[in-house]
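K.L.:
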Amino acid sequence: MSRNRRSFLKAGATLGASLLATPAFSVNPSQSNTTANGTTKGGKTNVKHRTLGSGKHSLEVSAIGLGCMGMSYHRSFIPDRKNMIALIRKAVDMGITLFDTAEVYGPYVNEELVGEALAPFRKKILICSKFGFNIQNGQMAGLNSKPDHIRNVVEQSLKRLKTDHIDLLYQHRVDPNVPMEDVAGTVRDLIQEGKVRRFGLSEASVADIRKAHTVQPLTAIQSEYSLMWRKPEEDVFKVCEELGIGFVPYSPLCRGYLSGLINERTKFIAANDNRATLPRYTPDAIKANWVLIDVLTEFGNHRGYTAAQVALAYLLAQKPWIVPIPGTTKLAHLQENLWSADIEFTPDELKTMTEALSKITVVGDRYTGQPAQQVRN
Ligand SMILES: NC(=O)c1ccc[n+]([C@@H]2O[C@H](COP(=O)([O-])OP(=O)(O)OC[C@H]3O[C@@H](n4cnc5c(N)ncnc54)[C@H](OP(=O)(O)O)[C@@H]3O)[C@@H](O)[C@H]2O)c1
874 MSRNRRSFLK AGATLGASLL ATPAFSVNPS QSNTTANGTT KGGKTNVKHR TLGSGKHSLE
934 VSAIGLGCMG MSYHRSFIPD RKNMIALIRK AVDMGITLFD TAEVYGPYVN EELVGEALAP
994 FRKKILICSK FGFNIQNGQM AGLNSKPDHI RNVVEQSLKR LKTDHIDLLY QHRVDPNVPM
1054 EDVAGTVRDL IQEGKVRRFG LSEASVADIR KAHTVQPLTA IQSEYSLMWR KPEEDVFKVC
1114 EELGIGFVPY SPLCRGYLSG LINERTKFIA ANDNRATLPR YTPDAIKANW VLIDVLTEFG
1174 NHRGYTAAQV ALAYLLAQKP WIVPIPGTTK LAHLQENLWS ADIEFTPDEL KTMTEALSKI
1234 TVVGDRYTGQ PAQQVRN
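Take any residue in the sequence shown, note its place counting from 1, add 873, and you have its number in the working numbering.
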């Protein structure tokens, strides 16, 4: 056993013991899964809401959204389409109002799925989509945020989504060849034309955010943020706070890892799963990072929460303007994830948990190759 591995295991054991020993970790029955979040009471759902963005650029949304990508793209097995339409509609029924997709997921088929599923409920919910990739012969071929291209993508997305407007349109990745002012100006025009309601950026730097916000105020930044990738706390959160922009963590469960249901024997289907190429999903990294799962399960086991719920609740506890969009293809996970919005940490719990997590060094980069070059923070 390597020295590093030994020290991880030792750190895990120590952290586990300290979490158990902390008296502040008492069970509060009102915070357990028996609360009614997600069920209907007198015909109304009981889901918590949050606000992304400020003033006339804001959007009120359910505290947890639904990432729809994995229903057709990048998460190995593609489930039956009819079942996924039923799942999205069930999410509406449970009170989720924020649904996330993108042109590039599939490509195209995920927008078609989301459009068909949500068409009957269009006025009750918000659809988020994204532009920014060049797609050729069904494959990603670099970035493209030229104004004409943005306009063309939006026209096609509107058709696939069966709607006349996109509630929140993100630039998926910043295009170094197109000035941000031109991108923001194009989205501003689309907003004036009624085709788009709000503007967001994904994986943008602080400088990109400031430039865009000057031309068209931003409602949300959508970037990777989970207990395995906390960099946005260092810089992007500060600019979001200063400018009144919301933050939407993508892959908030680190693509399923933080649920504790992925282990070193898990097989990812390379033809439809980017985890097959990402350094954090190698058997060695999966084993080395298990100390994180230990912290989550230690905390959850004494309150009746799953590791996934604790991971999501911890993100929600960081700022009131954070709205994670976990992806799932299963009703049980959808319900579980939605319940995480009911979990409230006491200040002591949050402090102890933060201290425990800060002692862990995550093994493996989050991206490699071209995807790593395309992210700017
Ligand atoms: N802006 C961007 O560049 C970008 C990049 C990636 C993703 N996204 C968006 O973010 C959304 C979510 O990201 P993601 O799918 O990459 O990662 P994620 O939400 O962190 O994880 C999704 C994975 O976790 C599993 N899962 C979800 N809830 C679970 C639970 N309660 N217990 C056990 N397993 C659970 C799902 O499997 P099951 O189906 O079995 O539940 C799925 O494989 C996407 O759908 C997409 O809309 C955006």
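Cβ coordinates follow ideal geometry from the N, Cα and C atoms, glycine included.
Taking the continuous beta strand (DSSP E) assigned at Arg1123, which residues delimit it?
P.N.:
The sequence shown places Tyr at residue 1123, rather than the Arg named in the question. Where Tyr1123 is concerned, the enclosing beta strand (DSSP E) stretches over Gly1119 to Tyr1123.
K.L.:
Can we say the stretch 1113-1121 touches the stretch 1129-1149, given the rule of at least three CB pairs closer than 8 angstroms?
P.N.:
no
K.L.:
Below 6 angstroms CB to CB, which residues in the same chain sit around Lys955 once its five sequence neighbours on both sides are set aside?
P.N.:
No residues qualify anywhere along the chain.
K.L.:
Looking at the secondary structure, which residues open and close the beta strand (DSSP E) in which His922 lies?
P.N.:
His922 -> beta strand (DSSP E) spans His922 to Leu925.
K.L.:
Considering only residues of the same chain and omitting the five flanking positions on each side of Lys1104, which have a CB-CB separation below 7 angstroms?
P.N.:
Within its own chain, the residues whose Cβ lies closer than 7 angstroms to the Cβ of Lys1104, once the five positions on either side in sequence are excluded, are Asn1250, listed in chain order.
K.L.:
Can you name the residues that DSSP bridges to Trp1102?
P.N.:
Ser1099
K.L.:
By how many angstroms is the C-alpha of His1206 removed from the C-alpha of Tyr1098?
P.N.:
19 angstroms
K.L.:
Is Pro1199 near ligand 1, judged by its Cβ being under 7 angstroms from some heavy atom?
P.N.:
yes
K.L.:
Go through its chain and collect everything with a Cβ distance to Ser945's Cβ below 7 angstroms, but skip five positions before and after it.
P.N.:
Ile951, Tyr978, Gly979, Val982, Asn983 and Leu986
K.L.:
Could you give the DSSP three-state label for Val1069: helix, strand or coil?
P.N.:
strand
K.L.:
Are Arg948 and Pro1193 closer than 8 angstroms when you measure CB to CB?
P.N.:
no
K.L.:
Leaving out five residues on either side along the sequence, give the residues of the same chain with a beta carbon under 6 angstroms from the beta carbon of Ile969.
P.N.:
Ser935 and Leu939
K.L.:
Helix, strand or coil, according to DSSP, for Val1026 in the structure here?
P.N.:
helix
K.L.:
With distances taken from CA atoms, which of Val1060, Asn1162, Arg1033 and Val1051 is nearest Gly988?
P.N.:
Arg1033
K.L.:
Within this structure, are the beta carbons of Pro1152 and Gly1237 separated by less than 8 angstroms?
P.N.:
Yes, the Cβ-Cβ distance between Pro1152 and Gly1237 is below 8 angstroms.
K.L.:
If you count every other CB in all the chains shown that lies within 10 Å of the CB of Ile1159, and 16 or more means buried, which is it?
P.N.:
Of the residues assessed, Ile1159 falls on the buried side of the cut-off, its CB having 16 or more other CB atoms within 10 angstroms.
K.L.:
Determine the DSSP secondary structure at Leu1230, reduced to helix, strand or coil.
P.N.:
Leu1230 falls in the helix class under three-state DSSP.
K.L.:
Would a C-beta distance cut-off of 8 angstroms place Val1163 and Gln1182 closer than the cut-off?
P.N.:
Note that residue 1163 is Trp in the sequence shown, not Val. It is not a contact, given that the beta carbons lie outside the stated cut-off.
K.L.:
With DSSP run on the structure shown, which of helix, strand or coil describes Tyr978?
P.N.:
coil
K.L.:
From Ser931 to Ile1039, what distance separates their C-alpha atoms?
P.N.:
14 angstroms
K.L.:
For Lys1140, tell me which candidate among Tyr1154, Cys1127, Ser1132 and Gly1133 has the shortest Cα-Cα distance.
P.N.:
Tyr1154
K.L.:
So if DSSP puts Glu933 in a beta bridge, which residue, or which two residues, is it bridged to?
P.N.:
Thr924
K.L.:
Taking the alpha-carbon of Ile1198 as reference, which of Gln1089, Ala1014, Pro1125 and Gly1073 has the nearest alpha-carbon?
P.N.:
Pro1125
K.L.:
Indicate the three-state DSSP secondary structure (helix, strand or coil) for Tyr1240 in the structure shown.
P.N.:
coil
K.L.:
Please report the Cβ distance between Leu1165 and Met1101, rounded to the nearest whole angstrom; I am assuming they are in contact, meaning their Cβ atoms lie under 8 angstroms.
P.N.:
7 angstroms
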